[in-house]
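Residue numbers (our numbering), protein chains in the order written: chain A, 31 to 138; chain B, 230 to 343. Note sheet for the following structure.
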Amino acid sequence: SQQGEEDPQALSIQEGENATMNCSYKTSINNLQWYRQNSGRGLVHLILIRSNEREKHSGRLRVTLDTSKKSSSLLITASRAADTASYFCATGTYKYIFGTGTRLKVLA
Amino acid sequence: DAGITQSPRHKVTETGTPVTLRCHQTENHRYMYWYRQDPGHGLRLIHYSYGVKDTDKGEVSDGYSVSRSKTEDFLLTLESATSSQTSVYFCAISDAQGSNQPQHFGDGTRLSIL
């Protein structure tokens, strides 16, 4: 079973809108990471949040972590067509476990 | 981009044949990983390596073997390919384990087994 489960599975928004995707996990973690995958490419690391952090920002990305609910959210503000991709959360220290991903489509 | 090269990028083969996929890195990272990606399953870890000749199993290791004779190369072998092993295979590397380091991915190998 997947440690991380993203929600929603697919999301379609207009350019300029914000996109929020969520990740739930089952066991305790040291950190949680978010990755982006463009079609036909490998995953690219976006941001890492440690278990003792509640929120982290990187450019237009904002990640929150609620360890009591075993959940994290990724917010992309002012989305662009280039943000169209699949987004995955991952947990683990040496055996990383990835969720099934959220497919984001940003319409120009 | 991290220096990770997967070869071949595409391969079509028949059931029962052996297949070897290669991952080559130029980053001198200690940890290397093989994943498979299938619709509805996300990425699943097959095997990983934490040093030369040091490997361990992941979530879906049955039917796969790996070898790492040099820091820069991590080979994934399907001894006798089956149609269920049709997938996209990704190699990843990371600099350290348990110290909150991200993984860097290659662009994948699309493997079709007929």
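We put the CB at the ideal spot given by N, CA and C, even for glycine. Note that this is a predicted model, so its numbers are computed, not measured.
Residue i versus residue j: straight-line alpha-carbon distance, rounded
{"i": "Gln-39(A)", "j": "Thr-300(B)", "result": "37 Å"}
{"i": "Thr-132(A)", "j": "Ile-59(A)", "result": "21 Å"}
{"i": "Ile-43(A)", "j": "Leu-137(A)", "result": "6 Å"}
{"i": "Thr-338(B)", "j": "Ala-325(B)", "result": "25 Å"}
{"i": "Asp-291(B)", "j": "Gly-271(B)", "result": "18 Å"}
{"i": "Lys-125(A)", "j": "Ser-323(B)", "result": "12 Å"}
{"i": "Gln-32(A)", "j": "Gly-46(A)", "result": "With a pLDDT of 38 at Gln-32(A), under the threshold of 50, the modelled position of that residue is not reliable, and no figure is offered here."}
{"i": "Asn-329(B)", "j": "Leu-78(A)", "result": "8 Å"}
{"i": "Asp-302(B)", "j": "Tyr-55(A)", "result": "32 Å"}
{"i": "Lys-100(A)", "j": "Ser-69(A)", "result": "29 Å"}
{"i": "Arg-90(A)", "j": "Leu-343(B)", "result": "44 Å"}
{"i": "Ser-109(A)", "j": "Leu-73(A)", "result": "19 Å"}
{"i": "Thr-107(A)", "j": "Thr-57(A)", "result": "29 Å"}
{"i": "Lys-135(A)", "j": "Asn-48(A)", "result": "12 Å"}
{"i": "Ala-115(A)", "j": "Val-289(B)", "result": "26 Å"}
{"i": "Ser-103(A)", "j": "Asn-52(A)", "result": "4 Å"}
{"i": "Tyr-264(B)", "j": "Phe-128(A)", "result": "10 Å"}
{"i": "Gly-335(B)", "j": "Glu-36(A)", "result": "23 Å"}
{"i": "Pro-268(B)", "j": "Asp-113(A)", "result": "21 Å"}
Strand pairing of residue i, partner residues [DSSP]
{"i": "His-87(A)", "result": "Arg-92(A)"}
{"i": "Arg-378(B)", "result": "No answer is possible for residue 378(B): it lies beyond the span of chain B, which begins at 230 and ends at 343."}
{"i": "Asn-61(A)", "result": "Arg-80(A)"}
{"i": "Gln-235(B)", "result": "Cys-252(B)"}
{"i": "Lys-286(B)", "result": "His-276(B)"}
{"i": "Leu-343(B)", "result": "Paired residue(s): none; Leu-343(B) is not in a bridge."}
{"i": "Tyr-293(B)", "result": "Leu-307(B)"}
{"i": "Tyr-260(B)", "result": "Ser-323(B)"}
{"i": "Glu-36(A)", "result": "Cys-53(A)"}
{"i": "Asp-302(B)", "result": "His-253(B) and Lys-299(B)"}
{"i": "Val-136(A)", "result": "Ile-43(A)"}
Beta-carbon spacing of residue i, residue j below 8 Å
{"i": "Ser-81(A)", "j": "Thr-94(A)", "result": "no"}
{"i": "Tyr-277(B)", "j": "Thr-284(B)", "result": "yes"}
{"i": "His-75(A)", "j": "His-253(B)", "result": "no"}
{"i": "Tyr-260(B)", "j": "Leu-274(B)", "result": "no"}
{"i": "Arg-297(B)", "j": "Lys-286(B)", "result": "no"}
{"i": "Asp-340(B)", "j": "Val-248(B)", "result": "Position check: residue 340(B) holds Leu in this sequence, whereas Asp was assumed. Taking 8 Å as the Cβ cut-off, Leu-340(B) and Val-248(B) qualify as a contacting pair."}
{"i": "Gly-280(B)", "j": "Thr-255(B)", "result": "no"}
9 Å Cβ cut-off: residues of chain B touching residue i
{"i": "Lys-135(A)", "result": "Per Cβ cutoff of 9 Å: no residues; Lys-135(A) is ~17 Å from chain B at best."}
{"i": "Arg-92(A)", "result": "Residues of chain B passing the Cβ test: none, with the nearest at roughly 18 Å."}
Within chain A, partners of residue i - CB distance below 9 Å
{"i": "Gln-332(B)", "result": "Gln-63, Tyr-65, Leu-73, His-75, Ala-120 and Tyr-126"}
{"i": "Asp-302(B)", "result": "Under the 9 Å cutoff, chain A gives no residues; its nearest Cβ is about 18 Å from Asp-302(B)."}
Residue i: contacting residues in chain A (beta-carbon distance under 8 Å)
{"i": "His-253(B)", "result": "Going along chain A, no residue has its Cβ under 8 Å from His-253(B), so there is no contact; the nearest lies around 14 Å."}
{"i": "Asn-257(B)", "result": "Near Asn-257(B) there are no residues of chain A at all, since even the closest Cβ is about 18 Å away, more than 8 Å."}
{"i": "Leu-274(B)", "result": "Lys-125, Tyr-126 and Ile-127"}
{"i": "Asp-336(B)", "result": "Gly-70, Arg-71 and Gly-72"}
{"i": "Gly-287(B)", "result": "Lys-125"}
8 Å Cβ cut-off: residues of chain B touching residue i
{"i": "Gly-131(A)", "result": "Gly-271"}
{"i": "Arg-84(A)", "result": "Residues of chain B passing the Cβ test: none, with the nearest at roughly 16 Å."}
Partner residues on chain A for residue i, Cβ-Cβ distance less than 7 Å
{"i": "Asp-283(B)", "result": "Under the 7 Å cutoff, chain A gives no residues; its nearest Cβ is about 12 Å from Asp-283(B)."}
Residue i: contacting residues in chain B (beta-carbon distance under 7 Å)
{"i": "Leu-78(A)", "result": "Asn-329 and Pro-331"}
Closer than 7 Å: residue i CB and nearest the ligand MG heavy atom
{"i": "Asn-48(A)", "result": "In the structure on display, the ligand MG does not appear, and there are no ligands present to speak of."}
Given 8 Å, three or more beta-carbon pairs between the stretch 55-71 of chain A and the stretch 116-129 of chain A: Under the Cβ criterion (8 Å, minimum of three pairs), the stretch 55-71 of chain A counts as touching the stretch 116-129 of chain A.
At least three beta-carbon pairs within less than 8 Å, the stretch 73-87 of chain A to the stretch 234-243 of chain B: When Cβ pairs closer than 8 Å are counted between the two stretches, the stretch 73-87 of chain A is seen not to touch the stretch 234-243 of chain B, the count staying below three.
Touching by the beta-carbon criterion (3+ pairs, under 8 Å), the stretch 297-313 of chain B and the stretch 243-259 of chain B: In this structure the stretch 297-313 of chain B touches the stretch 243-259 of chain B; the number of beta carbon pairs closer than 8 Å is three or more.
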